[in-house]
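Residue numbers (our numbering), protein chains in the order written: chain A, 1 to 166; chain B, 1001 to 1068.
See below:
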């Protein structure tokens, strides 16, 4: 991890050095973009997981009403993870707003704005980090729950009810 | 490493805090992000993350599965 970290930070440093004069905001933008991409990737993966699970549950159904219950049941079972992801996204977008405000502040040349805003920004990064960890745990729990699911219900019965509703 | 620390040190932030945050963020990012995209991610413009829109997802699945 340390070698990879140095490699990535070197890459970042080269990118920063080649594009603009040194600014505290360059690092803040890079860190904010990393958390943004991490949350986006987790959201896309979770959305894909819901779709796959819903399709599999609906495949056991003979009619539209059963399929509807399968989809709704899957989405409902995944809601704790969804809520966690959206909480992370909301916090992330507070960070984005802070970084943008900071960039404007820098452009205007206002005194002390970097110190104040960046301190606030860095204070929020560990919170996002915790949410990312919680999301990962929730996803693991969700997957374990699915893997322990009972056999498919009889044709026509709601497929997603038993394994995932807790 | 030196450059990123110099950037943040200019804002008066403690280096330990910067290193801890950067290490934690990179550890998570590396598990989900394509390494080939990292340069653009780190140096690109700051952008907002997207919420997971449950109702849009539900509508998409209903349409795909022929649910009225």
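Positions of the beta carbon are idealized from the N, C-alpha and C atoms, including for glycine.
Exercise. Taking the continuous alpha helix (DSSP H) assigned at residue 66 of chain A, which residues delimit it?
Worked result: Where residue 66 of chain A is concerned, the enclosing alpha helix (DSSP H) starts and stops at 64 to 77.
Problem set entry | Helix, strand or coil at residue 1050 of chain B [DSSP, three-state] | Here DSSP, grouped into helix, strand and coil, assigns residue 1050 of chain B to coil.
Problem set entry | Any C-beta of chain A under 8 Å from that of residue 1036 of chain B | Chain A contact via Cβ: absent.
Exercise. Which residue's Cα is closest to the Cα of residue 1040 of chain B: A:77, A:128, A:31?
Worked result: The residue from A:77, A:128, A:31 with its alpha-carbon nearest to that of residue 1040 of chain B is A:31.
Problem set entry | Sequence-distant residues of the same chain with beta carbon closer than 6 Å to residue 107 of chain A, five excluded per side | Cβ within range, chain order: n/a, list empty.
For this session: Determine the direct distance from the alpha carbon of residue 60 of chain A to that of residue 94 of chain A, and round the result to whole angstroms.
Result: Straight-line Cα distance between these residues: approximately 43 Å.
Problem set entry | Cα-Cα separation, residue 1052 of chain B to residue 67 of chain A | Rounded to the nearest angstrom, the two C-alpha atoms are 22 Å apart.
For this session: Answer yes if the region 1053 to 1061 of chain B comes into contact with the region 47 to 63 of chain A, meaning at least three C-beta pairs across the two stretches below 8 Å, and no otherwise.
Result: Cβ pair count under 8 Å is three or more, so yes.
Exercise. Quick one: is residue 140 of chain A near chain B, going by C-beta distance under 8 Å?
Worked result: Between residue 140 of chain A and chain B, the shortest Cβ-Cβ separation is not below 8 Å.
Problem set entry | Under 7 Å by beta carbon: chain A residues contacting residue 1049 of chain B | Chain-ordered, the chain A residues with CB closer than 7 Å to the CB of residue 1049 of chain B read 36, 39, 40, 89, 92, 93.
Exercise. Taking 8 Å as the CB-CB cut-off, is residue 21 of chain A touching chain B?
Worked result: With a pLDDT of only 48 at residue 21 of chain A, under the threshold of 50, the placement of this residue in the model should not be trusted, and no figure is reported.
For this session: Select from the region 42 to 76 of chain A all residues with a C-beta closer than 7 Å to any C-beta belonging to chain B, and list them in chain order.
Result: Flagged, chain order: 42, 43, 46, 47, 50, 51, 54, 58, 64, 67, 68, 71, 75.
Exercise. Can you round the beta-carbon distance between residue 1062 of chain B and residue 71 of chain A to whole angstroms, since I take them to be within the 8 Å contact cut?
Worked result: About 7 Å; that satisfies the 8 Å criterion.
For this session: Could you give the DSSP three-state label for residue 110 of chain A: helix, strand or coil?
Result: DSSP places residue 110 of chain A in coil when its eight states are reduced to three.
For this session: Starting from the Cα of residue 144 of chain A, find the closest Cα among A:129, A:77, A:64 and give me that residue.
Result: Per the Cα distances, A:77.
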